[in-house]
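Trainee: First to last, the protein sequences are chains A and B. Numbered according to my numbering, the first sequence spans residues -4 to 143. Numbered according to my numbering, the second sequence spans residues -4 to 143. Pasting a structure below so you can have a look.
Number of protein chains: 2
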Amino acid sequence: MTNPTGHEIAEALGLLLRRSTRAGLHAQLTEGLGEAVDELTYPVLSGLARTGPCSAADLGREVGLDRTTVTRRADRLEEAGLLRREADPGDRRATLLVLTDAGQGVVRTTRERLAARIEDSLASWPAADARAFARLLRVFVDEGPFHA
Amino acid sequence: MTNPTGHEIAEALGLLLRRSTRAGLHAQLTEGLGEAVDELTYPVLSGLARTGPCSAADLGREVGLDRTTVTRRADRLEEAGLLRREADPGDRRATLLVLTDAGQGVVRTTRERLAARIEDSLASWPAADARAFARLLRVFVDEGPFHA
DNA sequence: TATTGTTATACTCTATAACTATA
DNA sequence: TATAGTTATAGAGTATAACAATA
Chain A
-4 MTNPTGHEIA EALGLLLRRS TRAGLHAQLT EGLGEAVDEL TYPVLSGLAR TGPCSAADLG
56 REVGLDRTTV TRRADRLEEA GLLRREADPG DRRATLLVLT DAGQGVVRTT RERLAARIED
116 SLASWPAADA RAFARLLRVF VDEGPFHA
Chain B
-4 MTNPTGHEIA EALGLLLRRS TRAGLHAQLT EGLGEAVDEL TYPVLSGLAR TGPCSAADLG
56 REVGLDRTTV TRRADRLEEA GLLRREADPG DRRATLLVLT DAGQGVVRTT RERLAARIED
116 SLASWPAADA RAFARLLRVF VDEGPFHA
């Protein structure tokens, strides 16, 4: 490998994906939002925000979880008032999981906190660098080494 | 937020940190390296490669794990021949965890696979973009929204 | 017959506490 | 007294299999 770029990015990516990094970030973003929101339940909440009202089986396929796992995590989120269950009018076997207003608020808050933190850390960057980074990161994530 | 850059990066980062993304990448990088190497044991192996010979307690502090957890995971790696235990000549309470040649080989292989995958996905990029991305990602990871 | 949500079972992993040995 | 490694116990979470209801 004459080109060191791959190893440079690999090292940075390794740091980024490290468990302690993710756990710390998650703790910051969900602070004060209730103990029902943790690293296990948040993906369900966030996935539901992307898909809209959705069955447990479909949501499981979306976020890569078994439907029994979705059921259990949804139980906790329902108890906390962050989602509710509704009958699916189109399929009487299914139960739709639907975010409540409180659930939507949690998702919106975490997303805004993350965006704000990123803005803060980019504040000292030249504007052109920040724009370039956003563009390149997007391409990297969409076409990067995660699709094969 | 008049500036959309924060939200753009937040969205890309969310995709990157998603469990399914990480699990898929990990499966690719460790394919064929033996079943002792999984998402639980690899951080121990990789951390040990960074620190060099190290006690379980120190390694736990390095990678954010309880020392009992390090002990259990090290047991599996030792059974697989990827690390060995040695008496610490400087502290007779401690046992040093040391990567074997096989263990070093596993770490080297996964790192080279990741770098190669990244190189592949950057092959179609203008060289200046690739260099800029490597530089900006490094700064972002070092100074980014993960340190507060 | 296949798929829905849910529950029961067995299994894995972890955190806490305990133990012995050494600093 | 504090810290080393390890082990036992208890708790949380998951995957597998099962169930009744519906497609």
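Cβ coordinates follow ideal geometry from the N, Cα and C atoms, glycine included.
1) Can you tell me which of the three DSSP states T64(A) falls into?
2) Taking 8 Å as the CB-CB cut-off, is R103(B) touching chain A?
3) Would R217(B) and T0(A) qualify as a contact pair, given that the criterion is a beta-carbon distance under 8 Å?
4) When you compare the region 127 to 136 of chain B with the region 128 to 141 of chain A, are there three or more beta-carbon pairs, one atom per stretch, that lie closer than 8 Å?
5) Measuring CB atoms only, is the region 76 to 95 of chain A touching the region 23 to 42 of chain A, in the sense that at least three cross pairs come out at less than 8 Å?
6) Are A7(B) and L109(A) closer than 8 Å when you measure CB to CB?
7) Give the straight-line distance between the Cα atoms of T63(B) and L24(B), rounded to the nearest whole angstrom.
8) Does the beta-carbon distance from A69(B) to G29(B) come in below 8 Å?
9) Check the DSSP bridge columns for T90(A) and list the partner residues they point to.
10) Alpha helix (DSSP H) containing S116(A): first to last residue?
11) Going by C-alpha to C-alpha distance, which of T104(A), E3(A), E114(A), A89(A) sits closest to N(-2)(B)?
12) Taking 8 Å as the threshold (C-beta atoms), are G59(A) and S15(B) in contact?
13) Is there at least one Cβ from chain B nearer than 8 Å to G59(A)'s Cβ?
Mentor: Let me lay it out:
1) Position 69 of the first sequence, counted from the first residue, corresponds to residue 64(A). In the structure shown, T64(A) sits in a helix (DSSP, three-state: H, G or I).
2) Walking along the second sequence from the start, residue 103(B) turns up at place 108. Judged by the 8 Å Cβ criterion, R103(B) is not in contact with chain A.
3) Given that chain B is displayed from residue -4 to residue 143, the structure contains no residue 217(B) and the question cannot be resolved.
4) Result yes; three or more Cβ-Cβ pairs closer than 8 Å.
5) The region 76 to 95 of chain A is in contact with the region 23 to 42 of chain A.
6) Translated into the one-based positions of the second sequence, residue 7(B) becomes position 12. Translated into the one-based positions of the first sequence, residue 109(A) becomes position 114. In this structure, A7(B) keeps its C-beta atom at 8 Å or more from the C-beta atom of L109(A).
7) On the second sequence, residue 63(B) is found 68 positions in, with the first residue counted as 1. On the second sequence, residue 24(B) is found 29 positions in, with the first residue counted as 1. Spanning the two alpha carbons is a distance of roughly 27 Å.
8) Here residue 69(B) refers to the residue found at position 74 when the second sequence is read from its first residue. Here residue 29(B) refers to the residue found at position 34 when the second sequence is read from its first residue. Going by C-beta atoms, A69(B) is not nearer than 8 Å to G29(B).
9) For this step, residue 90(A) is matched to residue 95 along the first sequence. Here T90(A) is bridged, per DSSP, to A82(A).
10) Within the first sequence, numbered from 1, the residue matching residue 116(A) stands at position 121. Its alpha helix (DSSP H) spans residues 96 to 117.
11) Start at 1 with the first residue of the second sequence, and residue -2(B) comes out as number 3. Checking every option, the nearest Cα to that of N(-2)(B) belongs to E114(A).
12) Locating residue 15(B) in the second sequence gives position 20, where the first residue counts as 1. Locating residue 59(A) in the first sequence gives position 64, where the first residue counts as 1. It is a contact, given that the beta carbons lie within the stated cut-off.
13) The count along the first sequence starts at 1 and reaches residue 59(A) at position 64. Output row for G59(A): interface = yes.
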